[in-house]
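For reference, the structure is listed below as structure tokens.
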Ligand SMILES: Nc1ncnc2c1ncn2[C@@H]1O[C@H](COP(=O)(O)OP(=O)(O)OP(=O)(O)O)[C@@H](O)[C@H]1O
Ligand SMILES: [Mg+2]
């Protein structure tokens, strides 16, 4: 799996004692080491010889990163070859141009009950399906910062897709504070990707702990920096391992404009995620019978290639997230 270097000691500049120190802070493989900068490592461990560690980082970057220059044609065909995860809701798949793509971050924002977690549950099931069935044949890391993970819903949704034992393919972590949340992202996620075939990371409740722990205006800079770091690290993981990432975000009322809402986390989150999708309660005429009061709407707020304002309707029912028409 690690190509040129199969263990930390294989990397030029890493001796047994540095390897031991790296393992102690959760860095187990050469590829995982390539996620880090020298400054980050120095803040996490006791570094005695910076030049050897710097040489080691250069070697792993060279071995694992696809930072060599390729033509945009090659880039395009490489990207098209990567499978997407279907939501199994044709309106949403259509809106997203075929489902979720890897190597980026999807942000589902919306008020309570708008369907953010339900959609994450559904994608935690569909990601496990084979590529021919709309999945990526991978496991899921579900980081549940709001305590709303529901194995009952997951099992119910999985019945619809004939996926037996969906819970075996999902690793759940419920961090209780920001430090644990960062550990989940920085350490647990790469380890599970390398060791357990995790391909989808769901971070349900991106800002919950951060909002609770960093209170008041004087903490604003630290709070935004922490959010920035978490999103940036998720992005590094997404790019290095070609995995799929979803974060959910809350809305806040704007103090000035009458009754209007915006996503929490300010510019840092707006810039740090790739596709921002708003989920809303909605109504729609001409709906399949029985679904009238269950309708929700997904609206593109910001994306590198989806037009702002384009939208899809869906419903949440006993079976999971479904089409309404
Ligand atoms: N068993 C079920 N059958 C039908 N609908 C359900 C079922 N369980 C939950 N729902 C619907 O899902 C909604 C909750 O959606 P979800 O948990 O995705 O909200 P959310 O957007 O994550 O909200 P929050 O911000 O509070 O986490 C409920 O209001 C209900 O309408
Ligand atoms: Mg939720």
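Numbering (my numbering), first residue to last: 1 to 325.
C-beta: ideal position from N, C-alpha, C; glycine also.
Judged by DSSP secondary structure, residue 311 falls within the beta strand (DSSP E) whose first and last residues are 311–317. In the displayed model, residue 254 falls within coil according to three-state DSSP, outside both helix and strand. Under the DSSP definition of a beta bridge, residue 263 partners with 251. Nearest to residue 17 by alpha-carbon distance, out of 37, 45 and 6, is 45. Within 8 Å of the C-beta of residue 320 there is not a single heavy atom belonging to ligand 2. DSSP places residue 287 outside both helix and strand once states are collapsed to three, so it counts as coil.
Fully enclosed beta strand (DSSP E) runs of no fewer than 3 residues occupy 170–173 of the region 143–189, in order along the chain. For residue 272, the three-state secondary structure derived from DSSP is helix.
In the three-state reduction of the DSSP assignment, residue 229 falls in the helix class, which pools H, G and I. When only Cα atoms are considered, residue 9 and residue 119 end up about 42 Å apart. Between the beta-carbon of residue 170 and that of residue 140 there is about 5 Å, and that keeps the pair under the 8 Å contact cut. Between residue 316 and residue 289, the C-beta spacing is not below 9 Å.
The shortest C-alpha to C-alpha distance from residue 313 to any of 292, 306 and 305 is the one to 292. Burial of residue 209 is indicated by the presence of at least 16 other C-beta atoms within 10 angstroms of its C-beta. If the five residues before and after residue 60 are omitted, its C-beta is found closer than 8 Å to the C-beta atoms of 5, 11, 30, 31, 33 and 34, all from its own chain and listed in chain order. With a cutoff of 8 Å, residue 289 does not count as near ligand 1, since its C-beta is closer than that to no heavy atom of the ligand.
Judged by DSSP secondary structure, residue 320 falls within the beta strand (DSSP E) whose first and last residues are 320–322.
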